[in-house]
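>
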Ligand code: AMP
Ligand code: TRP
C-alpha cells in the first residue's frame with residue numbers, strides 16, 4: 058500500500074452532475090481506483106464559498122455521494138468522504154494560506170468569474186488554497202480533474218514547492234490527470250463555452266440522471282455547425298466535434314473511427330445516434346442510484362470520514378512539527 062501512488066480528487070455538491078463532470082473527471086476516478094490508492098471527497102466547504110441554502114446543501118451532499126457511488130466509485134477500493142468531516146483540510150489550508158502571495162490568488166480566473174456573481178468574498182479568494190490543502194493533506198501524487206482546474210493545480214504545485222523549500226521536502230508535487238479526449242466538454246447550446254452547472258439554460262447540459270426522453274430532446278436541440286459533413290474540427294465545427302467526443306467516450310471508439318463510419322450521415326441522424334449511446338450508457342447508473350439506500354450511504358460516508366481523519370492526522374503531525382507547532 059505505501060508504495061502505491063496516491064490519487065486525490067474532489068467534487069462540489071452543487072447542482073446535478075453533468076456529462077462534463079462525468080467525462081472530464083469522474084470516469085477517471087473510477088478507473089484510477091483500480092490501480093492506485095484513491096481518495097475522493099465531496100468538497101462541501103468549497104460549495105459554501107458562494108451564497109447557498111443550508112437545506113439544499115444538505116440534500117446535495119447526500120445526492121452527490123450517491124451519484125459517485127452509482128457512477129462506480131467503490132468504497133471497498135477507495136476512500137470516500139465529506140470534506141467538512143475531516144477538519145485537517147481546513148487546518149492545512151490555514152497553514153498554507155498564511156504564506157500564499159495575494160498576486161497568485163488575484164490571477165485565478167475562477168475567482169474573478171465567481172466573484173463577479175457572488176461579490177468579492179474571502180471564501181472565494183481562499184478557495185484555491187483550500188483545494189491545495191485537500192490534495193496536500195493526503196500527499197497525493199495524481200489529481201484527476203477537467204481542464205478548467207489546470208490553473209488551480211498549478212497554484213497547488215507552487216504552494217507545495219514553496220512549502221518544501223521553506224520547511225524541507227514534505228509534499229509530493231502533484232500532477233493533473235485529464236482524459237485524452239473530453240477534458241473540456243462543451244455546452245450543447247454554445248459549443249465555444251464549457252458545459253457548466255451554472256449555465257441558466259438547462260438544455261446546455263446533459264445531466265447524468267436526466268430521463269431518456271430529456272436526453273434525446275436536449276441532443277435534438279443541440280447547436281450544430283454549418284456544412285453537412287460529420288468531421289472533427291474543433292474550430293470549424295465545434296458543435297459536431299463536441300458530439301464526437303461524447304460519442305467516443307460512450308462507445309469506447311476513437312474519434313477517427315467514428316468519423317470514418319458516420320462522415321456522410323446527416324446531422325439530425327447523428328444527433329439521434331449520440332443520444333441513443335448516451336441513454337444506453339447512463340441507464341445502469343440511473344438504476345444503481347435508485348437502488349441506493351440513504352441510511353446506508355450516510356453510514357458509509359461516516360466510516361469514510363473516520364478513516365480519512367486518521368490518515369490526514371498522521372500527515373498533519375509531521376507538518377505541525379515542521380512549522381513549529383508540534384507538541
Ligand atoms: P465541479 O462541478 O466544478 O466540482 O467539477 C467537478 C469536476 O468536473 C472537476 O474535475 C472539473 O474539472 C470537471 N468538469 C467540470 N465541467 C467540465 C467540463 N465541461 N468538461 C470537462 N470536465 C469538467
Ligand atoms: N475546485 C474543484 C472543482 O471545482 C473541486 C475541488 C476542490 C478539487 N478540491 C479539490 C478537485 C481537490 C481536485 C482536488 O472542480
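In the working numbering, the protein residues as written are 58 to 384. For each residue, glycine too, the CB sits at the ideal point set by N, CA and C. Note that the coordinates shown come from a computational prediction; the quantities given were computed from them, not determined experimentally.
(1) Please return the same chain residues whose Cβ sits closer than 8 Å to the Cβ of residue 272, not counting the five positions on each side in sequence.
(2) Does the distance between the C-beta of residue 65 and the nearest non-hydrogen atom of the ligand TRP fall short of 7 Å?
(3) Report whether the distance from the Cβ of residue 107 to the nearest heavy atom of the ligand TRP is below 7 Å.
(4) At what residues does the beta strand (DSSP E) containing residue 233 begin and finish?
(5) Am I right that residue 95 and residue 89 are in contact with their C-beta atoms under 8 Å? What's the rounded C-beta distance?
(6) How about residue 99 and residue 122: are their beta carbons less than 8 Å apart?
(7) Taking residue 154 as the reference, give the member of 359, 188, 352, 369 with the closest Cα.
(8) What is the rounded straight-line gap between the Cα of residue 302 and the Cα of residue 275?
(9) Between residue 103 and the ligand TRP, is the CB less than 7 Å from at least one heavy atom?
(10) Could you tell me which uninterrupted alpha helix (DSSP H) segments, each at least 4 residues in length, are contained entirely in the region 61-124, listed from first to last along the chain?
(11) Relative to the C-alpha of residue 136, which residue among 379, 363, 383, 268 is closest?
(12) If we ignore side chains and look at the alpha-carbon of each, how far apart do residue 325 and residue 277 end up?
(13) Would residue 66 and residue 200 qualify as a contact pair, given that the criterion is a beta-carbon distance under 8 Å?
(14) Report the residue from 61, 300, 86, 60 whose alpha carbon sits nearest the alpha carbon of residue 68.
(15) Would you list the one or two residues that DSSP bridges to residue 139?
(16) Below 8 Å, how does it come out for the region 212-227 and the region 240-252: are there three or more Cβ pairs, yes or no?
(17) Count the other CB atoms within 10 Å of the CB of residue 112; is the residue buried (16 or more) or exposed (fewer)?
(18) Would the C-beta of residue 209 count as close to the ligand TRP, meaning under 7 Å from any of its heavy atoms?
(19) Output the distance between the C-alpha atoms of residue 347 and residue 127, rounded to the nearest integer angstrom.
Looking at the coordinates:
(1) As a first step, residue 272 is located in the chain shown; it is residue number 215 there, counting from the start. Hits under 8 Å: 263, 332, 335, 336, 339.
(2) Taking the first residue of the chain shown as position 1, residue 65 is located at position 8. Answer for residue 65: yes, Cβ within range of the ligand TRP.
(3) As a working note, residue 107 is residue 50 in the chain shown. No, the beta carbon of residue 107 sits no closer than 7 Å to any heavy atom of the ligand TRP.
(4) Your numbering for residue 233 matches position 176 in the chain shown. Segment 232-234, the beta strand (DSSP E) holding residue 233.
(5) Within the chain shown, residue 95 is the residue found at index 38, counting from 1. Within the chain shown, residue 89 is the residue found at index 32, counting from 1. Contact check for residue 95 and residue 89: beta-carbon distance about 6 Å, within the 8 Å limit, so the pair qualifies.
(6) Translated into the one-based positions of the chain shown, residue 99 becomes position 42. Translated into the one-based positions of the chain shown, residue 122 becomes position 65. Cβ distance < 8 Å, so residue 99 and residue 122 count as in contact.
(7) Along the chain shown, one-based indexing puts residue 154 at 97. By alpha-carbon distance to residue 154, the top candidate from 359, 188, 352, 369 is 188.
(8) Position 245 of the chain shown, counting from 1, holds the residue named residue 302. Position 218 of the chain shown, counting from 1, holds the residue named residue 275. Rounded to the nearest angstrom, the two C-alpha atoms are 16 Å apart.
(9) Walking along the chain shown from the start, residue 103 turns up at place 46. Yes.
(10) Fully enclosed alpha helix (DSSP H) runs of 4 or longer: 84-89, 101-104.
(11) By one-based count along the chain shown, residue 136 stands at place 79. Checking every option, the nearest Cα to that of residue 136 belongs to 363.
(12) Along the chain shown, read from residue 1 onward, the residue named residue 325 stands at position 268. Along the chain shown, read from residue 1 onward, the residue named residue 277 stands at position 220. So the two alpha carbons sit approximately 7 Å from each other.
(13) Start at 1 with the first residue of the chain shown, and residue 66 comes out as number 9. Start at 1 with the first residue of the chain shown, and residue 200 comes out as number 143. The answer is yes: Cβ separation under 8 Å.
(14) Taking the chain shown and counting its residues from 1, one reaches residue 68 at position 11. When each option's Cα is compared against that of residue 68, the closest is 86.
(15) For the purposes of this step, residue 139 is identified with residue 82 of the chain shown, where counting begins at 1. In the DSSP assignment, residue 139 forms a beta bridge with 99.
(16) No contact exists between the region 212-227 and the region 240-252.
(17) What you label residue 112 is simply residue 55 of the chain shown in a count that begins at 1. Residue 112 comes out exposed.
(18) Counting from 1 along the chain shown, the entry for residue 209 is found at position 152. Yes, the ligand TRP has a heavy atom inside 7 Å of this Cβ.
(19) Locating residue 347 in the chain shown gives position 290, where the first residue counts as 1. Locating residue 127 in the chain shown gives position 70, where the first residue counts as 1. The alpha-carbon atoms of residue 347 and residue 127 are separated by roughly 9 Å.
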